[in-house]
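Numbering (this note's numbering), first residue to last: 11 to 450.
Built from N, CA and C at the ideal position, the CB exists for glycine as well.
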RNA sequence: GCGUCGGUGGCAGAGUGGUCAAUUGCAACAGGCUGUAAACCUGUCGGGCAUAGCCCUACGAAGGUUCGAAUCCUUCUCGGCGCA
């Protein structure tokens, strides 16, 4: 018996979608569920109580960031991540004083700050990107006899940023002060034990989609070896083992055969759940996801890492994914864009300067009944013109309201999907949403 | 009234004879953002066209010097400061 218990309540006919409940030591997560991202133990601009009001049941923080600042010992001594950030969770699923949390392993940062640093590569990539240089061919790096890049401090200091992957782990420089650090699967697990989240992830290597097949395989196999080492370290800690669930991460780039192989291997190892990782081009996501899911055991919860946009989330749910996390809702909001039922709009555009439509018009397609007084005041009380003013004038409140609006939009979308699955009409729900959202 | 310093594109403010349709910041206009180095980044920003270029109109106004002026000279005008 692991730290969490996952129960599937209902499956959708005609696709892989399912609704269920994950019981964690700190309360229940009703799936499909979206976890707002609080990288540094803070969902930017939003209070924990507000997250609860918006319908969030779990938040996800980041190992890399909390390790560098304030350091995992501080979080541990504070009483763990949830207590440290005063996250009490939703009353709906509460079974403890503090709420459910997750931590990402830091593997993605190695990718985004190292291999992809200063390249036009991110979680999602356009197909026309060709200037990517692979980590093993980056200028200034030397190769070991095994063909792996060797960390060169001199080069690192010249670059300012660098992350070098070898079979043992990853050496990287801090983005805060340039200091040299090293993560191994063992170390990542150890840090995440200290952080104390209910669900945490094995340290993986996220590759760029522009890497050749051979490198994708090499990285995937390395991720598998790291997965085994992560599990071993986790199992040796009896105390953590009872309280925290470890998810393994499927990689394999855009290649369906690698995705299937990775899914089989990660499933075989005995994790408490599965994460689907990777950096995709838009076109490759669907195939890679479907290939991986086909090989996953039904009974384990599945997390689609870093996803996403409304359409991608629904795609994930249809493919049997249970958990999602994404920075887009808060980042887009903070930058002045909000989701509407007809797609994304930029509130700073001239046309919203004197548009007195309330924000509620943007999201009345799902679950209006879920709105309590607090949410109503957010979405009905503020107009686009007011938001335009706040965002243009740089008022913090603008970023906060837009972030809350977007989180509510996504949380409602996912909650609506859950209801639809339970009611047996998920396909219709998804089609209706996608038709309107992508109509332009 | 005398003296002095100054008037540059929406604003602030560089530029003191050609490399200036004019640095830079802000504003404006648009785009981007998917396990957050992100309250961030990118592009446009006098007008026109057959738009890697060309042509107009432009650095308070009018004249002048010069092959060439935002830059030098004269007058006018407006503003800051000082003295009466």
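Straight-line gap, residue i to residue j (C-alpha atoms, nearest Å)
i           : j           : result
residue 146 : residue 74  : Low confidence applies to residue 146: its pLDDT is 37, below 50, so where it sits in the model is not reliable enough to give any reading.
residue 50  : residue 76  : 6 Å
residue 268 : residue 364 : 52 Å
residue 187 : residue 205 : 22 Å
residue 443 : residue 300 : 21 Å
residue 408 : residue 55  : 10 Å
residue 81  : residue 202 : 11 Å
residue 294 : residue 264 : 6 Å
residue 309 : residue 434 : 20 Å
residue 111 : residue 119 : 19 Å
residue 306 : residue 221 : 25 Å
residue 390 : residue 416 : 14 Å
residue 386 : residue 370 : 8 Å
residue 515 : residue 179 : Nothing can be reported for residue 515: it is not among the residues displayed for the chain, which extend from 11 to 450.
residue 18  : residue 395 : 44 Å
residue 319 : residue 88  : 34 Å
residue 431 : residue 30  : 10 Å
residue 266 : residue 401 : 43 Å
residue 200 : residue 316 : 23 Å
residue 278 : residue 94  : 35 Å
residue 58  : residue 207 : 16 Å
residue 347 : residue 247 : 44 Å
residue 121 : residue 296 : 21 Å
residue 324 : residue 337 : 17 Å
Segment limits, beta strand (DSSP E) that includes residue i
i           : result
residue 17  : 15-21
residue 4   : Nothing can be reported for residue 4: it is not among the residues displayed for the chain, which extend from 11 to 450.
residue 29  : 28-34
residue 41  : 37-41
residue 173 : 173-175
residue 65  : Looking at the DSSP string, residue 65 is not in any beta strand (DSSP E), and its letter there is neither H nor E.
residue 283 : 283-286
residue 211 : 209-211
Residue range of the unbroken alpha helix (DSSP H) whose run includes residue i
i           : result
residue 294 : 292-303
residue 69  : Element bounds for residue 69: not the alpha helix (DSSP H) but the beta strand (DSSP E), 69-72.
residue 428 : 406-433
residue 84  : 82-88
residue 53  : Per DSSP, residue 53 belongs to no alpha helix (DSSP H) and is neither H nor E.
residue 436 : 436-447
residue 273 : 266-278
residue 181 : Counting along the chain, residue 181 falls outside any alpha helix (DSSP H), though it belongs to the beta strand (DSSP E) covering 180-183.
residue 395 : 394-402
residue 250 : 248-253
Pick from the options that is closest to residue i, judged by C-alpha positions
i           : options               : result
residue 258 : 241, 266, 84 and 271  : 241
residue 335 : 322, 328, 265 and 183 : 322
residue 63  : 256, 421, 400 and 303 : 421
residue 97  : 177, 286, 48 and 118  : 48
residue 260 : 249, 247 and 232      : 232
residue 65  : 45, 270, 296 and 399  : 45
residue 253 : 17, 423, 33 and 238   : 33
residue 35  : 13, 21 and 249        : 13
residue 24  : 404, 330 and 60       : 330
residue 291 : 172, 88, 133 and 95   : 133
residue 528 : 349, 41 and 15        : The question about residue 528 has no answer, for the chain in this structure spans 11 to 450.
residue 114 : 107, 70, 88 and 100   : 70
residue 4   : 423, 361 and 414      : The structure shown does not extend to residue 4, since the chain is modelled only from 11 to 450, so the question has no answer here.
residue 67  : 177, 209 and 18       : 209
residue 224 : 196, 262, 211 and 199 : 262
residue 280 : 270, 288 and 245      : 245
residue 229 : 174, 445 and 403      : 174
residue 216 : 124, 445, 249 and 270 : 124
residue 405 : 311, 192, 345 and 250 : 345
residue 372 : 357, 383, 384 and 382 : 357
residue 191 : 286, 122, 78 and 250  : 78
Contact under 9 Å by Cβ, residue i with residue j
i           : j           : result
residue 393 : residue 419 : no
residue 273 : residue 302 : yes
residue 39  : residue 103 : yes
residue 332 : residue 22  : no
residue 342 : residue 412 : yes
residue 255 : residue 283 : yes
residue 189 : residue 213 : no
residue 289 : residue 181 : no
residue 99  : residue 106 : yes
residue 20  : residue 26  : no
residue 440 : residue 427 : yes
residue 507 : residue 227 : No answer is possible for residue 507: it lies beyond the span of the chain, which begins at 11 and ends at 450.
*asked:* Which complete beta strand (DSSP E) runs does the region 307-392 hold, if anything under 3 residues is left out?
replied: 312-314, 333-336, 347-350 and 353-356
*Please specify which runs of the alpha helix (DSSP H), each continuous and at least 4 residues long, are wholly inside the region 90-130, giving them in chain order.*
91-94
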